[in-house]
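Novice: In the order they appear, the protein sequences are chains A and B. When the letters of the first sequence are read in order and numbered with numbering that gives the first Met the number 0, they come out as residues 0 to 246. When the letters of the second sequence are read in order and numbered with numbering that gives the first Met the number 0, they come out as residues 0 to 367. Ideal Cβ positions, reconstructed from N, Cα and C, are used throughout, including at glycine.
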Amino acid sequence: MGEQVIVCKELTKRFGDFYAVNNISFEVNKGEIFGFLGANGAGKTTAMRILCGLSYPSSGSATVAGFDVYRQQDEIKKNIGYMSQKFSLYENLTVSENIEFYGGVYGLSRAVIRERSAALIQTLGLEKEAKKLVGELPLGWKQKLAFSVAIFHRPQIVFLDEPTGGVDPVTRRQFWDMIYEAAAGGITVFVTTHYMDEAEYCNRVTIMVDGKIEALDAPQALKQRFGAGNMEEVFYQLARSAKRSSD
Amino acid sequence: MKQLLVFIRKEFYHVFRDRRTLLIMFGLPVAQILLFGYALTSEVKNADIVISDQAQDANTARIISKIKSSSYFIVHEQQLAGPEIDAAFKRGRIKCVLNFPPQFGSDLRHDGKASVQIIADGSDPNTAKTLVNYLTAIMAGYQQELGGGGGAPVGIVPELRMLYNPEGNGSLNFIPGVIALIFMIVCATLTSVSVVREKELGTMEILLVSPFHPIMVLIAKAIPYLVLSLVNFTFILVLSVGFLDIAVKGSLLLLFAESTLFIITCLSVGLLISNIAASQQAAMLISMMGMMLPTLLLTGFMYPLENMPLFLQLISNLVPARWYYLIVKAVMLKGLGFGAVWKETLVLAGMTGALLSLALLKFKTRLE
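Here's what the structure looks like:
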């Protein structure tokens with residue numbers, strides 16, 4: 000593979016005696032769908048916050064989109080998109096207003112926003128709903144819209160924090176189609192999830208246990224190495240050894 | 000800068016689309032002004048009084064005409080015997096009886112002093128006291144007109160409120176307090192709720208991950224409420240002048256400048272609360288209990304601070320609304336200039352600075 004857009008070296012985040020993230024190293028390639036797995040409390044969120052420029056590591060180094068997590072948080076923020084489990088749209092704003100708002104926050108010009116917004120609404124088939132409040136949309140649509148908004152400013156990397164929580168399987172499948180499309184367009188996807196079937200959709204996955212990375216490979220390779228039929232079994236084998244209780 | 004404008008526009012959408020917010024913002028002032036202006040006033044108007052004039056001379060005639068010309072009483076002139084008086088009070092038809100004895104005029108002429116009987120309905124002590132005060136004041140006034148006829152038969156009861164409120168307009172004192180209260184509710188409560196709502200929705204996370212600076216998020220939140228509060232302030236002034244016949248005696252510019260300062264105080268309180276509160280309900284509760292009650296009780300507009308225990312008086316110094324109340328009273332009602340309120344302004348500015356820094360500091364540590 001070519002360019003590496005996320006490079007972590009011996010990254011550690013410590014709170015007192017507690018190592019939330021303990022000496023992790025990995026690289027993510029451009030255009031890759033990178034799965035970040037782990038039980039609750041394994042350190043996923045902490046690691047992700049560092050990579051998003053929300054907190055500083057205690058030691059080690061990391062670059063995101065070529066920018067340093069210590070010194071260039073602002074640059075990192077301009078080059079990434081983010082979507083969490085809560086879909087993060089404003090319910091009492093219309094579809095168009097939400098798009099315009101997020102576009103505006105990322106500093107896109109009016110002309111660009113108008114052009115991309117029209118294209119986006121068409122792609123999503125939301126022409127009739129564009130002037131409706133987001134609160135009136137069904138959950139699945141909100142989620143798709145939230146993802147589209149997260150990559151509206153064409154970031155290099157998009158971070159998805161358990162993006163499909165509480166959604167039905169059909170919508171989840173459609174959502175993953177969108178992720179593939181974004182990856183094909185050159186956007187790197189960094190995704191955390193609880194659903195092991197989703198882990199199978201990733202190009203590569205890491206499994207974090209107690210702040211450390213216990214495995215990092217393509218799903219197929221991991222299944223072979225652990226002699227498991229599916230990712231669920233792989234995950235159980237690794238997570239069983241966890242000492243930290245989930246939070 | 001452009002990002003800030005985009006954000007502020009979004010905040011306005013939120014406000015205008017949320018009926019509850021709008022109701023609190025603009026319904027509340029109307030309700031408060033009407034409530035405090037008309038219903039909760041301590042003044043008494045158009046009380047039914049029976050004057051039983053057994054003297055029927057020039058003196059009593061003049062006193063009666065003075066009573067009639069005041070707006071406090073509706074005078075019924077008739078002779079009432081003891082049992083009739085009792086019955087009238089019991090039926091609640093009358094509030095007060097004034098009884099001039101037959102020898103009133105001659106006593107006044109010869110001895111320079113005469114007694115007069117006032118009977119008031121003691122079951123409503125506040126009203127009774129007020130009416131007695133009004134009557135004694137009217138008679139004291141007459142006494143003075145006569146040119147001091149020896150020892151005064153009626154004591155002059157000086158009432159401080161009358162000093163700036165010659166018409167006995169009771170709603171006057173409430174208005175500055177109501178304004179302070181409304182700012183506290185609108186700014187502190189609505190701001191804290193709107194920040195916490197973003198936390199609950201998860202949109203705050205998105206904003207923090209965006210290149211938009213976190214401090215700008217707070218500024219963008221605060222500006223719409225500042226603007227709306229100033230609009231609100233204008234609205235309250237118009238209501239007060241239009242419906243309660245209150246004139247703004249001092250400089251409007253100074254009044255707006257001081258109000259802007261107090262609004263910023265309230266916004267800081269709101270932001271501070273939003274850092275502490277985890278849910279919208281919590282934010283609401285903290286602002287209501289933590290801010291509204293002290294504003295209501297310890298500002299001095301409902302209950303005089305001088306009558307409170309020293310302990311509470313000391314605490315009242317920590318309530319920002321108390322200082323703002325003093326400022327508005329001085330500027331709006333007494334027509335004083337900045338020279339008279341600079342100390343209060345300084346205290347308020349100090350509090351604002353402290354609260355704002357604390358809010359920003361808290362916000363920063365929460366991010367880490």
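So, does the CB of Val4/A fall closer than 8 Å to a CB anywhere in chain B?
Specialist: Cβ-Cβ to chain B under 8 Å: no for Val4/A.
Novice: Taking Tyr235/A as the query, report the chain B residues whose CB atoms sit under 8 Å from its CB, ordered along the chain.
Specialist: Within chain B, no residue comes near Tyr235/A; the closest Cβ sits about 30 Å away, beyond 8 Å.
Novice: Determine whether the Cβ of Gln31/B lies closer than 8 Å to any Cβ atom of chain A.
Specialist: No, Gln31/B does not count as interfacial toward chain A.
Novice: Using DSSP with H/G/I as helix, E/B as strand and the rest coil, what is Ile156/A?
Specialist: Ile156/A: strand per DSSP, three-state reduction.
Novice: Which residues of the segment 99–116 of chain A have a Cβ closer than 7 Å to any Cβ of chain B? Give them in chain order.
Specialist: Result list: Phe100, Gly103, Val104, Tyr105 and Gly106.
Novice: What residue does the alpha helix (DSSP H) around Arg19/B start on, and which one ends it?
Specialist: Residues Arg18 to Leu21.
Novice: Relative to chain A, which residues along the segment 204–218 of chain B have a C-beta separation below 9 Å, given in chain order?
Specialist: Correct list: Glu204, Ile205, Leu206, Leu207, Val208, Ser209, Pro210, Phe211 and His212.
Novice: Would Leu225/B and Ile262/B be called neighbours here (beta carbons separated by less than 8 Å)?
Specialist: Cβ atoms of Leu225/B and Ile262/B: closer than 8 Å.
Novice: Verify whether the separation of the beta carbon atoms of Val188/A and Val169/A is less than 8 Å.
Specialist: No; because the gap between Cβ atoms is not below 8 Å, this pair is not in contact.
Novice: Measuring alpha carbon to alpha carbon, tell me which residue in Arg172/A, Leu215/A, Ile178/A and Thr205/A is nearest Asp196/A.
Specialist: Of Arg172/A, Leu215/A, Ile178/A and Thr205/A, the residue nearest in Cα terms is Arg172/A.
Novice: With a CB to CB cut of under 8 Å and the five nearest residues on each side skipped, what residues in its chain are close to Ile49/A?
Specialist: The residues are Leu10, Lys12, Val20, Tyr55, Pro56, Ala61 and Val68.
Novice: How close, in whole Å, do the beta carbons of Ala217/A and Ile206/A come, if the pair is a contact with beta carbons under 8 Å?
Specialist: Ala217/A to Ile206/A, Cβ: 13 Å. No contact.
Novice: Relative to the C-alpha of Leu207/B, which residue among Arg224/A, Gly42/A and Tyr101/A is closest?
Specialist: Nearest option by C-alpha distance: Tyr101/A.
Novice: For chain B, find out if any of its Cβ atoms is closer than 8 Å to the Cβ of Ser87/A; answer yes or no.
Specialist: True, the Cβ-Cβ gap to chain B drops below 8 Å.
Novice: Which residues of chain B have a Cβ atom closer than 7 Å to the Cβ of Ser83/A, listed in chain order?
Specialist: Simply Gly201 and Glu204.
Novice: Would the segment 176–195 of chain B and the segment 15–25 of chain B be scored as touching if the rule is three or more Cβ pairs under 8 Å?
Specialist: Output reads yes: the segment 15–25 of chain B touches the segment 176–195 of chain B.
Novice: Can you list, in chain order, the residues of its chain whose CB lies under 7 Å from that of Ser245/A, leaving out five sequence neighbours each side?
Specialist: Here Ser245/A scores only 49 on pLDDT, less than 50, and its place in the model is too uncertain to base an answer on.
Novice: For Arg321/B, name the three-state secondary structure that DSSP assigns.
Specialist: Arg321/B: helix per DSSP, three-state reduction.
Novice: Mind pulling the chain B residues with CB within less than 8 Å of Asp73/A?
Specialist: Chain B residues near Asp73/A: Pro210.
Novice: Is there a Cβ from chain B that is less than 8 Å from the Cβ of Asn229/A?
Specialist: It does not; no Cβ of chain B falls within 8 Å.
Novice: Given a cut-off of 8 Å, decide if Leu347/B and Thr264/B are closer than it, judged by their beta-carbon atoms.
Specialist: Contact: yes.
Novice: Using the C-alpha atoms, what's the distance from Gly184/A back to Val14/B?
Specialist: Near 38 Å, if we compare the C-alpha coordinates of Gly184/A and Val14/B.
Novice: Cβ of His368/B less than 8 Å from any chain A Cβ?
Specialist: Residue 368/B falls outside the range modelled here, since chain B spans only 0 to 367, and no answer is possible.
Novice: Who are the Cβ neighbours of Leu123/A in its own chain at under 8 Å, not counting the five residues just before and after it?
Specialist: Hits under 8 Å: Trp140, Lys143, Leu144 and Ser147.
Novice: Is the CB of Cys51/A under 8 Å away from at least one CB in chain B?
Specialist: By this cut-off, Cys51/A is an interface position.
Novice: Could you give the C-beta distance for Leu297/B and Ser315/B, rounded to a whole number, given that I count them as a contact under 8 Å?
Specialist: About 4 Å separates the two Cβ atoms, so the contact holds.
Novice: Ends of the beta strand (DSSP E) at His75/B?
Specialist: Element bounds for His75/B: Phe72 to Glu76.
Novice: Who pairs with Val192/B in a beta bridge, going by DSSP?
Specialist: Looking at the DSSP assignment, Val192/B forms no beta bridge with any residue, so it has no partner.
Novice: Nearest to Gly104/B by CA position, among Arg61/B, Val96/B and Asp120/B, is which residue?
Specialist: When each option's Cα is compared against that of Gly104/B, the closest is Arg61/B.
Novice: What's the C-alpha gap between Val94/A and Leu138/A?
Specialist: Cα-Cα distance, rounded: 13 Å.
Novice: So the candidates are Gly42/A, Ile98/A, Ala241/A and Ile178/A; which of them puts its Cα closest to the Cα of Ala118/A?
Specialist: The residue with the shortest Cα to Cα distance from Ala118/A is Ile98/A.
Novice: Flag Lys141/A as yes if its beta-carbon sits less than 8 Å from any beta-carbon of chain B, otherwise no.
Specialist: By this cut-off, Lys141/A is not an interface position.
Novice: Identify which residue in Val327/B, His109/B, Phe255/B and Leu354/B has its Cα closest to the Cα of Asn231/B.
Specialist: Here the closest residue by C-alpha is Phe255/B.
Novice: Determine whether the Cβ of Phe362/B lies closer than 8 Å to any Cβ atom of chain A.
Specialist: For Phe362/B, the answer is no, since every Cβ of chain A falls outside 8 Å of its Cβ.
Novice: Among residues of its own chain, excluding the 5 on either side of Asp120/B, which ones have a beta-carbon nearer than 6 Å to its beta-carbon?
Specialist: Same-chain partners within the cutoff: Phe88, Lys94 and Ala127.
Novice: Is the Cβ-Cβ distance between Phe6/B and Phe173/B less than 8 Å?
Specialist: No. Outside cutoff.
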